[in-house]
Amino acid sequence: METLQFLMDGFAVALTPYNLMFALFGAFIGTLIGALPGLGPANGVAILIPLAFTLGLPPETAMILLTSVYAGAMYGGRISSILLNIPGDEPAMMTCLDGYPMAQKGRAADALAISAIASFAGGLIGTIGLILLAPVLARFALTFGPAEYFALFLLAFATLGGITGKNPMKTVVAATLGVMISTVGIDIATGTQRYTFGVLELYEGIDFILAIVGLFAISELLFFIESRAGAGRKLIQVGKLSLSLKEVIATIPTLFRGGILGFISGVLPGAGASLGSFISYTLEKQYLGKKAHFGDGDSRGVAAPEAGNNGASSGALVPMLTLGVPGSGTTAVLLAMLISLNITPGPLMFTQNADIVWGVIAALLIGNVLLLVLNIPLVGFFVKLLSVPPMYLLPVVTMVAFVGIYSISHSTFDLYFMIAFGVAGYVLRKLDIPLVPIILGMLLGPEMEKNLGHALVLSDGDWSTLWGSPLAIGLWAFAALGLALPYIVGPLLRRRMKVAITEGPESD
Amino acid sequence: MLIKRTLSFVAAAAVSLQALAWEPSGKVECIAPSDPGGGWDFTCRSAGQVLQELELVPGSVQTINMAGAGGGVAYAHTVSKRRSDDKLLVAASNATTTRLAQGQFPGMDADMVTWVGTVGADYGVIAVSKDSPYQSLNDLLADMKANPRSVKFSGASARGGWDHLKVLIAAKADGVSNLPHIPYLSYNNGGEALTQVVGGQVDAFTGDISEVTGFLESGDIRVLAVLAEERLPGRFSDIPTAREQGVDALGANWRGFYMPKDASDEAKAYWRNAVATLYDSEQWQAVMAKNGLIPFQPEGDFRAFIARQVADVEALSREIGLLK
């Protein structure tokens with residue numbers, strides 16, 4: 028078992044006290060960020076990126092920190108869903124359906140414990156899936172030439188709508204903005220400058236990290252200033268833990284089904300965690316039928332979506348690590364981080380940077396255990412934090428963002444740029460234009476252009492090379508499906524999701 | 004009166020004494036024209052450390068990262084704002100001269116700074132996959148002579164960048180015509196470019212020896228030639244040079260420093276000496292060995308070497324149509 032050996036080496040990396048400390052810190056901060064309504068995992072990771080640079084962390088530690096934040100945010104999302112009926116992030120939406128009714132029945136502590144166990148199980152199943160699937164896919168990925176990569180990036184663009192698409196047109200606008208931003212700087216195919224207007228600072232293009240931190244963290248601050256929501260929330264009573272072992276055992280089959288479904292939907296580029304939690308919940312509801320009281324505070328209704336979204340969060344790492352194609356918004360942010368650490372994601376990362384890949388995977392496993400241990404006794408603490416007024420929290424976030432960005436390049440020009448991105452992010456959010464496709468556009472656009480150029484150079488200008496291999500044709504077919512499906516299934520799913528929510532306790 | 008005259012004499016003597024043996028006092032800075040973690044950052048930080056150990060600087064050397072425009076921001080800063088600073092070194096490499104030659108630092112040329120010296124190099128290589136039919140550089144070049152489009156290269160620099168130029172230098176040295184038609188695919192970094200060669204999509208890789216070390220050890224690739232004067236030391240001694248194979252192509256990616264143009268002559272002399280002393284020191288040899296740098300001193304004077312390199316790159320860039 029070669030994989031097992033690598034995994035053991037990974038544990039050796041992740042279990043050093045230094046890395047373990049950062050994993051613990053990341054899991055804690057991640058849970059905190061996930062718990063705060065409005066700050067999702069993508070924001071969480073974006074906010075922590077500057078910190079990783081400020082501290083001058085080595086690559087494996089930086090990645091361990093950020094993946095722990097990622098896993099932690101997925102955990103944290105459920106806390107405000109259950110207690111406040113406000114999902115901390117989109118994937119946690121389904122947890123409201125049975126979590127909040129449980130809380131209303133005075134079983135908030137039980138719901139939180141069940142969801143922590145479900146998150147653990149989902150994360151564990153997803154990570155095991157990642158361990159089994161990623162190395163196989165990495166070997167297979169070596170056969171990808173420029174034409175296949177072009178088709179793959181096309182697939183990623185085609186499925187973008189699935190990530191955030193409420194209004195597909197706005198997603199297209201956002202992705203186009205991202206692609207446009209990415210064209211600034213030297214064009215590596217011809218060696219000429221594009222859109223730099225003789226400004227030296229623009230010659231190397233616009234850094235993703237600047238855009239990410241500006242768009243997510245700074246715009247969040249602007250929203251806060253606008254709303255002046257300084258009051259904080261009233262303290263919620265959690266109640267006593269009265270969960271019986273029998274009830275936990277009863278959820279085990281649900282956990283398995285949810286985790287596996289979540290993992291599969293996470294692996295598909297574009298689908299991501301929201302789909303994972305939704306599919307897990309709806310299928311579980313149909314599967315159990317009359318045997319359960321979904322929507323009425325059934326513990327399995329909490330377990331299924333939580334297992335699903337945590338499974339999906341590990342699944343989304345598979346295409347990111349093996350092909351360099353992010354499967355979700357958060358993995359796009361992680362990918363940008365990898366690139367700026369000078370590590371090339373892709374098939375060879377598994378051989379060339381094995382310590383980082385397996386260190387991160389091991390950190391995910393350890394992180395899941397840490398999160399479970401953190402979450403059951405500390406539930407009361409996280410609940411208290413929910414009532415910390417954002418007027419204390421956001422200035423800290425802003426300070427970290429500024430110090431961090433400045434410490435990367437020591438350039439005040441970058442700070443102005445970051446602020447500009449923050450203002451742009453604020454305006455775009457006001458217009459309901461999603462931000463994640465911008466980042467994906469910035470990351471995927473140049474890669475797609477590059478691979479198109481390369482494919483044509485290799486074929487001496489013959490365009491048919493783009494669909495010249497069975498693999499490429501398969502990817503084109505998937506891309507077509509990915510483009511069409513959201514229009515057919517998307518509105519259907521969303522309508523059901525809405526119906527499910529309005530049918531829920533809120534209307535009681 | 005007498006006292007005053009004596010005092011002024013002493014002062015004058017002190018000044019001239021100082022001029023004779025100029026030594027840096029106070030803060031010495033080294034600008035790394037990149038983000039932390041890159042090659043230039045490494046040059047500044049490790050050289051600064053050794054300069055301190057050798058007591059060639061009064062305190063420590065402060066590394067300042069000034070990224071942008073592939074070194075252009077730092078170059079402009081040195082030329083304009085720090086024109087006459089005696090205590091400033093800036094890390095440089097082939098990338099600096101290449102961009103200067105191709106006019107990518109608008110309005111600036113290589114004569115606007117003082118070139119101090121080199122502290123080692125990373126040598127260029129041309130490599131193929133282990134399953135490739137090409138066994139030597141001559142096999143590869145023979146095919147290219149028959150048809151310049153027959154061998155497709157991948158590398159980490161942009162078109163016209165150093166990795167691309169190395170292919171052109173080798174091809175030109177062997178008399179391959181139609182240089183602009185040699186297919187070159189540029190990737191973001193050496194790892195990505197090598198992935199395509201190992202995967203069999205591209206025929207050959209052009210890059211530096213440090214980029215292929217991992218793949219060489221795993222046996223995934225075969226290095227056809229290293230573009231050095233002599234065989235490289237240590238574990239690389241099995242790799243033939245291009246010269247051995249009758250192709251007079253050299254491609255060393257050197258690391259070194261420049262400093263402001265209007266610094267005092269004494270300061271310039273001091274730093275030339277200091278960098279030479281650094282290069283010869285045991286400590287620096289250890290740093291090089293640990294980080295995969297290989298000894299390199301340009302043939303002849305460093306300034307002349309820079310001028311020659313700029314001229315060569317300019318000519319090649321013109322030949323492939325990058326410069327009009």
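In the order they appear, the protein sequences are chains A and B. Quick note: the first sequence uses my numbering, first residue 28, plus one each step. Quick note: the second sequence uses my numbering, first residue 4, plus one each step. Ideal Cβ placement from N, Cα and C applies to all residues, glycine included. Fair warning: this is a prediction, and the values are worked out from it, not measured in the lab.
Linking residue 172 (chain B) to residue 179 (chain B) through their CA atoms gives a straight-line distance of about 10 Å. Residues are counted here when their Cβ sits less than 8 Å from a Cβ of chain A; for the segment 56-73 of chain B these are 67, 68, 69, 70, 71, 72 and 73, given in chain order. In terms of Cβ geometry, residue 157 (chain A) and residue 388 (chain A) form a close pair [threshold 8 Å]. Secondary structure at residue 102 (chain B): helix, using DSSP grouped into helix, strand and coil. Take residue 153 (chain B), set aside five residues on each side of it, and the residues of its chain with a beta-carbon closer than 7 Å to its own are 146 and 147, in chain order.
Within chain A, the C-beta atoms nearer than 7 Å to that of residue 194 (chain B) come from 371, 375 and 379, in chain order.
By the neighbour-count definition (other C-beta atoms within 10 Å, threshold 16), residue 80 (chain B) is a buried residue. The beta-bridge partner set that DSSP reports for residue 138 (chain B) is empty. Every beta strand (DSSP E) of 3 residues or more that sits fully in the segment 190-226 of chain B is shown, in chain order, as 207-211. A buried status is given to residue 187 (chain B), since no fewer than 16 other beta-carbon atoms sit within 10 Å of its beta-carbon.
Assigned with DSSP and collapsed to three states, residue 112 (chain B) falls in coil, not helix or strand. Residues of chain B with a Cβ closer than 9 Å to the Cβ of residue 487 (chain A) are, in chain order, 152 and 186. At a C-beta separation below 9 Å, residue 438 (chain A) has these neighbours in chain B: 68, 69, 70, 71 and 76. The C-beta of residue 109 (chain B) comes closer than 8 Å to at least one C-beta of chain A. Taken in chain order, the members of the segment 212-239 of chain B whose beta-carbon sits within less than 9 Å of a beta-carbon on chain A are 217, 218, 221 and 223. Only exposed fits residue 508 (chain A), as fewer than 16 other CB atoms lie within 10 angstroms of its CB. Rounded to whole angstroms, the gap between the alpha carbons of residue 249 (chain A) and residue 425 (chain A) is 10 Å. Taking C-alpha positions only, residue 190 (chain B) is separated from residue 158 (chain B) by approximately 6 Å. The three-state secondary structure of residue 43 (chain A), taken from DSSP, is coil. Only buried fits residue 291 (chain B), as 16 or more other CB atoms lie within 10 angstroms of its CB. The continuous beta strand (DSSP E) containing residue 213 (chain A) extends over residues 212-214. Contact annotation, residue 351 (chain A) with residue 293 (chain A): C-beta distance approximately 16 Å; criterion of less than 8 Å not satisfied. By the C-beta criterion, the segment 304-324 of chain A is judged not to be in contact with the segment 354-372 of chain A, since fewer than 3 inter-stretch pairs fall below 8 Å. Inter-segment contact for the segment 255-275 of chain B and the segment 108-119 of chain B is present: three or more beta-carbon pairs are separated by less than 8 Å. Counting only unbroken stretches of 4 or more residues, the alpha helix (DSSP H) elements lying wholly within the segment 128-183 of chain B are 140-149 and 165-176, in sequence order. In this structure, residue 241 (chain A) keeps its C-beta atom at 8 Å or more from the C-beta atom of residue 468 (chain A).
Under the three-state reduction of DSSP output, residue 69 (chain B) falls in the coil class, being neither helix nor strand.
One finds 162 in chain B with Cβ atoms closer than 7 Å to the Cβ of residue 217 (chain A), taken in chain order. Taken in chain order, the complete alpha helix (DSSP H) segments of 4 residues or longer contained in the segment 218-305 of chain B are 268-283 and 285-294. Put simply, the CB of residue 424 (chain A) is far from chain B, with every gap to its CB atoms at 8 Å or more. Close CB contacts of residue 201 (chain A) within its chain, under the 6 Å cut and outside five residues either way in sequence, are with 460, 461, 464 and 465 (chain order). Using a Cβ distance threshold of 8 Å, residue 245 (chain A) and residue 428 (chain A) count as a contacting pair.
With a contact defined as Cβ atoms closer than 8 Å, residue 76 (chain A) and residue 239 (chain A) qualify at about 7 Å. With a 10 Å radius around the Cβ and a threshold of 16 neighbouring Cβ atoms, residue 99 (chain B) comes out buried. The alpha carbon of residue 499 (chain A) has as its nearest neighbour, out of A:182, A:43 and A:154, the alpha carbon of A:182. Residue 325 (chain A) is bridged by DSSP to nothing; it lacks a bridge partner.
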